[in-house]
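A.B. asks:
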Amino acid sequence: MVSAIGAAWFIARQGWLRPADDVSYRIAIAGGLMMLAVFLYPLRKHIRALDMLGATRWWLWGHISLGLLGPWLILVHSSFHIGSLNAGVALWSMVIVVLSGVVGRFLHARVHRGLRGERTTLDDLRRRAGLVEAEAVGRLDFAPAVAAALRRFEQQELAAPTHVLDMFRRLMWLPVRQTGVAWRCRRLLRDATAQEPDLARRQKLRLGGGRLVDRYLGAVVRVSQYAAYERVFALWHVAHVPFVVLLVVSAVVHVIAVHAY
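In terms of UniProt numbering, the sequence shown opens at residue 1 and continues consecutively.
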């Protein structure tokens with residue numbers, strides 16, 4: 001994205017195009033049509049009669065591609081020059097919508113990677129660690145303090161988010177806490193195996209236990225963050241739509257003004 005903006009800036013600085021030129025006008029039309037085509041994706045997603053037109057993931061790919069290329073052409077057309085109030089509103093609305101779209105794509109990837117798969121992984125790790133009551137034997141039986149620390153971390157972080165700050169805490173701070181818990185579990189592993197006379201077995205227990213701790217904590221964090229990302233994604237939808245409406249209205253006003261005057 002930075003490279004694309006740099007290329008548009010380079011074209012503008014060379015003076016090859018001016019907003020009033022015929023070529024620049026055609027570029028603006030192409031960019032505008034691409035941005036209109038972006039609205040085909042939500043239609044495909046919500047109208048069942050359009051299911052025959054291909055998989056949603058390909059429509060999403062087109063939605064993202066056109067949502068980046070169209071605004072880039074508009075940016076080239078503008079030459080980074082705002083000639084009127086309505087043009088400025090349209091341009092900045094477009095910039096906000098594009099940035100919001102980038103954030104939305106990031107959240108979409110986090111939400112739709114599959115909570116079911118993450119929970120399956122966590123359940124498997126829980127059994128292997130011996131943290132399921134029905135399991136009599138587990139790989140962390142030799143270190144009950146580590147198993148207790150993992151249970152406590154899971155219980156605290158898999159509870160439903162209570163407020164917005166808790167959601168952002170999970171997204172921003174939880175990986176830091178994960179590192180702290182992992183370090184503490186490794187220290188407990190060293191303590192639990194300190195009396196093991198066989199050096200090779202002691203190292204094997206510490207290495208295997210450490211790997212299991214890392215995978216277990218990682219699975220808990222991913223499941224915990226999923227719920228937070230899902231809530232933030234819903235909030236993003238609420239914030240994104242008004243900017244899209246503002247962009248459409250300001251773009252229509254700009255086109256009418258250009259052709260009227």
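Glycine is no exception: its CB is placed at the ideal position from the N, C-alpha and C atoms. Quantities reported herein were computed from a predicted structural model and do not represent experimental measurements.
Run through DSSP, which three-state label would aspartate 166 get?
C.D. replies: If DSSP states are grouped into helix, strand and coil, aspartate 166 belongs with the helices.
A.B. asks: Would you identify the three-state DSSP class for alanine 143, choosing helix, strand or coil?
C.D. replies: In this structure, alanine 143 counts as coil in the three-state DSSP scheme.
A.B. asks: Measure the Cβ-Cβ separation of valine 95 and alanine 8 and say whether it is below 9 Å.
C.D. replies: No; because the gap between Cβ atoms is not below 9 Å, this pair is not in contact.
A.B. asks: If I follow the unbroken alpha helix (DSSP H) through alanine 194, where does it start and stop?
C.D. replies: Neither: alanine 194 is in no alpha helix (DSSP H) and is coded neither H nor E.
A.B. asks: Do you know offhand how far serine 250's Cα is from histidine 237's?
C.D. replies: Rounded to whole angstroms, serine 250 to histidine 237 spans 20 Å at the Cα level.
A.B. asks: Closer than 6 Å by C-beta to valine 221: which residues in its own chain qualify, once you throw out the five before and the five after it? Chain order, please.
C.D. replies: So the qualifying residues of the chain are Leu174, Gln178.
A.B. asks: Under a three-way DSSP split, which group does serine 24 fall into?
C.D. replies: In this structure, serine 24 counts as helix in the three-state DSSP scheme.
A.B. asks: Taking the beta carbon of leucine 207 as the centre, do at least 16 other beta carbons fall within 10 Å, making it buried, or is it exposed?
C.D. replies: That one is exposed.
A.B. asks: Considering Cα atoms alone, identify which of His46, Trp58, Ser79 is closest to alanine 28.
C.D. replies: For alanine 28, the nearest C-alpha among the options comes from Ser79.
A.B. asks: Along the alpha helix (DSSP H) that carries isoleucine 11, what are the first and last residues, could you check?
C.D. replies: Note, isoleucine 11: alpha helix (DSSP H), 2-14.
A.B. asks: DSSP three-state call for histidine 240: helix, strand or coil?
C.D. replies: Note: histidine 240 maps to helix in three-state DSSP.
A.B. asks: Work out the CA separation of phenylalanine 39 and alanine 136 for me, nearest whole Å.
C.D. replies: At alanine 136 the pLDDT is 36, less than 50, meaning the model places this residue with poor confidence; the figure from the coordinates comes in the next sentence. Alanine 136 and phenylalanine 39: Cα-Cα distance of roughly 56 Å.
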